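The structure appears below as structure tokens.
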Amino acid sequence: MQNPVIIFGAQAIGRQVKEIFESNDVVVYGFLDDNKTMHQTELDEAIVLGATDDDGFLKLIGKKCEAFVAVDDMRLRKGIVKMLNDVRHVQPVNAIHRQALISSRASLGHGCLVDARVTVQPGVSIGNHCLIHAGATIGAESKVGQFVQVGMGCQINPGVVVEDEVFIGSGVTVVSGVTLGKGARVGAGSVVVSSVKAGDTVFGNPAQPIKS
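With the first letter of the sequence shown counted as 1, position 148 gets the number 148 in the working numbering; the numbers rise by one all the way through.
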């Protein structure tokens, strides 16, 4: 990547992503964040330039800079991505840690974070704008949709289907053949042995739906 990157989000994920880019010799131009108290302050030797809708900096994206959306909140992340697609006509770039192991027979979309010690096995497909945190394993022939977040140390076994907008907490195990429906949420440390319906939240070992 030749152009510098502007990172949307100056919180924990933004700091992770900055370190990944710099380890890959990619220059980080600065952060954009909607917390006004951070504007024009320095974070990890980079400036928080302004808000995520600051047109002066947005005009650089697609011309002189690339973009990465490092926002934990999925709805906000989707909104920023939509703005970049519709207004700047660009897709965010990927942030892939040098210690991640991605099979040459796997496919990866746009705007994804793949952190240190992540393993992506052959036949895996990962959609756009996913956050795959440190130490997670995505087993062979698993399918991961868009805007999915996979927590640290998760074990997604072979042949799992993770639909769009699923959140998987840290340390979760998902056994082979399970489908996690769109928008499902899996609590940290859970062991998922059967498919989860769209929009359901499950927790425990074995994971069970949490009644609202």
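Glycine is no exception: its CB is placed at the ideal position from the N, C-alpha and C atoms. The structure presented is a predicted model; accordingly, all values stated were derived computationally and were not measured.
First and last residue of the uninterrupted alpha helix (DSSP H) at residue i
i: Gln-99; result: No alpha helix (DSSP H) holds Gln-99; DSSP gives it neither H nor E.
i: Glu-22; result: 12 to 23
i: Gly-79; result: 74 to 83
i: Gly-230; result: Because the chain here runs from 1 to 212, residue 230 falls outside it and cannot be looked at.
Local Cβ density within 10 Å of residue i, reported as buried at 16 or more and exposed below that
i: Gln-99; result: exposed
i: Ala-12; result: exposed
i: Leu-92; result: The sequence given here places Pro at residue 92; Leu does not occur at that position. Buried: at least 16 other Cβ atoms inside 10 Å.
i: Asp-33; result: buried
i: Lys-18; result: buried
Residue span of the beta strand (DSSP E) that contains residue i, given as start and end
i: Val-5; result: 5 to 8
i: Leu-49; result: 46 to 50
i: Gln-208; result: 207 to 209
i: Gly-187; result: Neither: Gly-187 is in no beta strand (DSSP E) and is coded neither H nor E.
Secondary structure of residue i, DSSP reduced to three states
i: Thr-41; result: coil
i: Arg-88; result: helix
Residues near residue i by beta carbon distance below 6 Å, same chain, minus five either side
i: Val-27; result: Pro-4
i: Cys-65; result: Asn-3, Pro-4, Ile-6 and Tyr-29
i: Leu-131; result: Leu-113 and Gln-149
i: Met-152; result: His-133, Ala-134, Gly-135 and Ser-170
Neighbourhood of residue i by C-beta, 8 Å cutoff - its chain only, sequence neighbours within 5 removed
i: Ile-61; result: Ile-6, Ala-67, Leu-84, Arg-88 and Val-90
Subject >> Validate contact between the region 197 to 210 and the region 172 to 185 using beta carbons, cut 8 Å, 3 pairs >> reply: yes
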